[in-house]
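If you want it as structure tokens, here you go:
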């Protein structure tokens with residue numbers, strides 16, 4: 001189930017992960033296509049709160065974005081430490097009455113400690129993970145589904161969209177094959 005925004009029970013969205021029970025309206029190979037279909041439904045004033053985009057056959061994809069090295073880890077640690085030092089310098093200036101020299105000292109000390117802790121933690125990994133990456137969950141198929149009472153209206157509305165992906169198979173519902 002892929003809902004964005006507020007997950008309040010008052011809006012009808014369960015707080016715990018719950019399968020969406022409805023009828024299959026259309027199937028797409030990419031999330032962007034499914035999102036385009038729901039956006040089209042919204043543009044046509046369809047009650048989209050009765051629709052869900054359901055990803056099937058989920059996979060975790062980790063894309064390697066770079067190599068970690070001591071200089072890169074040191075630089076990243078210095079930047080994050082400097083941000084923390086900037087915050088501490090701000091607090092000291094507000095409550096201690098310090099000036100620019102307090103800010104500069106706090107930023108430099110923060111950068112030094114950030115660099116030290118970054119290099120130390122990197123060295124403790126022993127080279128087991130010396131790369132950076134970004135992970136995401138992707139599906140092999142994205143199904144647009146709607147609750148039964150508006151499913152036919154959703155199909156008819158989506159048929160007006162070029163390459164709508166509308167599925168007219170008799171097997172409709174959560175988890176059933178799309179023929």
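Residue numbers (UniProt numbering): 1 to 179.
In this text, a Cβ means the ideal position worked out from N, Cα and C, and glycines have one as well.
This structure is a prediction, so every number in the text was calculated from the model and none was measured.
If you pair each beta-carbon of the region 9-28 with each one of the region 144-151, do three or more pairs fall below 8 Å? Touching, per the Cβ criterion.
Leaving out the 5 sequence neighbours to the left and right, which residues in its chain are closer than 6 Å to residue 182 when beta-carbon positions are compared? Only positions 1 to 179 of the chain appear in this structure, which leaves residue 182 out of reach.
Continuous beta strand (DSSP E) assignments of at least 3 residues falling wholly in the region 23-111: Taking 3 residues as the minimum length, the beta strand (DSSP E) runs contained wholly in the region 23-111 are 23-28 and 51-67, in order along the chain.
Neighbour-count burial assignment, residue 118, 16 or more Cβ in a 10 Å radius: The residue in question, residue 118, is buried, as its Cβ has 16 or more Cβ neighbours within 10 Å.
Whole-angstrom C-beta distance between residue 157 and residue 58, which should lie under 8 Å: Residue 58 to residue 157, Cβ: 28 Å. No contact.
Starting from residue 157, follow the alpha helix (DSSP H) in both directions and report where the run begins and ends. In the DSSP annotation of this structure, the continuous segment of the alpha helix (DSSP H) that includes residue 157 starts and ends at 148-158.
Comparing alpha-carbon positions, which option in 15, 136 and 29 lies nearest residue 64? Measuring from the Cα of residue 64, the nearest candidate turns out to be 136.
At a cut of 8 Å, does the region 63-77 reach the region 85-97 through at least three beta carbon pairs? Taking 8 Å as the limit for Cβ pairs, the verdict is that the region 85-97 does not touch the region 63-77.
Quick check on residue 119: does DSSP put it in helix, strand or coil? Helix at residue 119.
Take the Cβ of residue 134 as the centre, count every other Cβ of all protein chains shown within 10 Å, and call the residue buried at 16 or more, exposed below. Around the Cβ of residue 134, a 10 Å sphere holds fewer than 16 other Cβ atoms; the residue is exposed.
Quick one: grab the DSSP three-state call for residue 131. Taken through DSSP and simplified to helix, strand or coil, residue 131 comes out as strand.
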